[in-house]
Amino acid sequence: VIRTGRPAVSDMFQGQISGIPALQVVTPIRRGGEIAYLLGASFHLDRMAAALARENLPKGWIGGLVDRQGTLLA
């Protein structure tokens, strides 16, 4: 994120404390055109699956969430 200046999403990982499968999103925060710090958030995959299920996709559609390795997360 620092090198590219662009947000990034991790592949799936096991939470070190919870042991629950998760993913992380990190984005640069800029001040005066320079990266001042990074903002990151981790998301448990069970919550991502629940959010996806609430989308009520049109009949015949299938929704999913995959990481960069093609692993089906939700």
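Add 1 to the 1-based position in the sequence shown for my numbering, that's all there is to it.
Glycine included, each C-beta is placed from N, C-alpha and C at the ideal position.
The structure presented is a predicted model; accordingly, all values stated were derived computationally and were not measured.
Grouping DSSP H, G and I as helix and E and B as strand, with all else coil, what is residue i?
i	result
Leu-40	strand
Leu-73	strand
Arg-55	coil
Leu-24	strand
Within 10 angstroms of its Cβ, does residue i collect 16 or more other Cβ (buried), or is it exposed?
i	result
Ala-37	exposed
Ala-52	exposed
Leu-73	exposed
Ala-42	exposed
Using a threshold of 7 angstroms, is the CB atom of residue i nearer than that to any non-hydrogen atom of the ligand HEM?
i	result
Ala-52	Looking for the ligand HEM in the displayed structure turns up nothing, as the structure carries no ligands at all.
For the putative contact between residue i and residue j, defined by C-beta atoms under 8 angstroms, what is the C-beta separation to the nearest angstrom?
i	j	result
Leu-39	Val-26	So it is not a contact: roughly 11 angstroms between Cβ atoms.
Name the one or two DSSP bridge partners that residue i has.
i	result
Pro-29	Leu-39
Val-67	Leu-73
Gln-17	Gln-17 is not bridged to any residue.
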